[in-house]
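Asker: Have a look at the structure that comes next, please.
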């Protein structure tokens, strides 16, 4: 029993200051939220336009953006309020900050 209490009282690991507040590099690939914003600019919203938005993204963020878009389509959402209400788990996953090294952007993907 005393060993269990000792393990529970271990200090938390030290986090490098600024890790979670560090600014994204200018040449970083689009985030999930930026990919969703690109989808919103598609007129009309067709697969070809969405694929252009996906082209420069990282597969993890593209998959999460697609999950939000698919959820909104299934729920019949046509505005952000509906999407926020009906697709909250998908939006939360999209907005989550991901820990890890920065993905490498393909050279053929120019930033706007």
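In my numbering, the protein residues as written are 258 to 369. For glycine and all other residues, C-beta sits at the position ideal for the given N, C-alpha and C. This structure is a prediction, so every number in the text was calculated from the model and none was measured.
1) Considering Cα atoms alone, identify which of 307, 352, 326 is closest to residue 343.
2) State whether the region 332–341 contacts the region 313–320, with contact taken as three or more CB pairs (one from each stretch) at a distance under 8 Å.
3) Just to confirm, is the Cβ distance from residue 320 to residue 296 under 9 Å?
4) Roughly how far, in whole angstroms, is the beta-carbon of residue 299 from the beta-carbon of residue 306, given that I think they are within contact range, below 8 Å?
5) CB-CB under 6 Å to residue 350, same chain, minus the five flanking residues each way: which ones, in chain order?
6) What is the rounded straight-line gap between the Cα of residue 303 and the Cα of residue 345?
7) Go to residue 293, then tell me how far its alpha helix (DSSP H) extends in each direction, as first and last residue.
8) Suppose you measure from the CA of residue 330 to the CA of residue 280; what does that come to, to the nearest Å?
9) Using 10 angstroms around the beta-carbon of residue 301, count the other beta-carbons present and answer buried if the total reaches 16, otherwise exposed.
10) Within its chain, find whatever has a CB closer than 6 Å to the CB of residue 324; leave out the 5 residues flanking it on each side and keep chain order.
11) Quick check: what's the CA-CA separation for residue 310 versus residue 287?
12) Grab me the residues of residue 293's own chain with a C-beta within less than 8 Å of its C-beta, minus the 5 sequence neighbours each way, in chain order.
Answerer: On the basis of the supplied data:
1) 326
2) no
3) no
4) 4 Å
5) 321
6) 23 Å
7) 289–297
8) 33 Å
9) exposed
10) 347
11) 9 Å
12) 322, 325, 326, 351
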